[in-house]
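One structure is given below, encoded as structure tokens.
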Amino acid sequence: MGDNAPKTERTLADDLREEEELARRRFVHATRPKHPMTMEEAMKLAERMEGK
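Given below as structure tokens:
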């Protein structure tokens, strides 16, 4: 890494799209009948997985 300067709007948009896709996958995974979980639990899990 090390190239913090060229953080353009395009890459920020890509990051947002990526984050949206990850959140969608986590939600789908968390709401599968095999893994019953409330939305609140899913959000907590998502935060934990991201290390926030």
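Start counting the sequence shown at 1; every next residue gets the next number (UniProt numbering).
Ideal placement from N, C-alpha and C gives every residue a C-beta, glycine not left out.
These numbers come from a predicted model, not from an experiment.
On the three-state DSSP scale, how would you describe residue i?
i          : result
residue 38 : coil
residue 11 : helix
Assuming residue i and residue j are in contact, meaning their beta carbons sit under 8 Å apart, how far apart are those beta carbons, in whole angstroms?
i          : j          : result
residue 30 : residue 16 : In fact, because the Cβ distance is near 21 Å, the residues do not count as touching under 8 Å.
Quick check: residue i and residue j, are their CB atoms within less than 8 Å of each other?
i          : j          : result
residue 26 : residue 42 : yes
Excluding the five sequence neighbours on either side, which residues of its own chain have a C-beta within less than 8 Å of the C-beta of residue i, listed in chain order?
i          : result
residue 49 : 26
For residue i and residue j, I'd like the C-alpha separation in whole angstroms.
i          : j          : result
residue 1  : residue 11 : In this predicted model, residue 1 has a pLDDT of only 49, less than 50, meaning its place in the structure is not dependable; the value taken from the coordinates is given anyway. Their backbone Cα atoms lie some 14 Å apart in a straight line.
residue 28 : residue 38 : 12 Å
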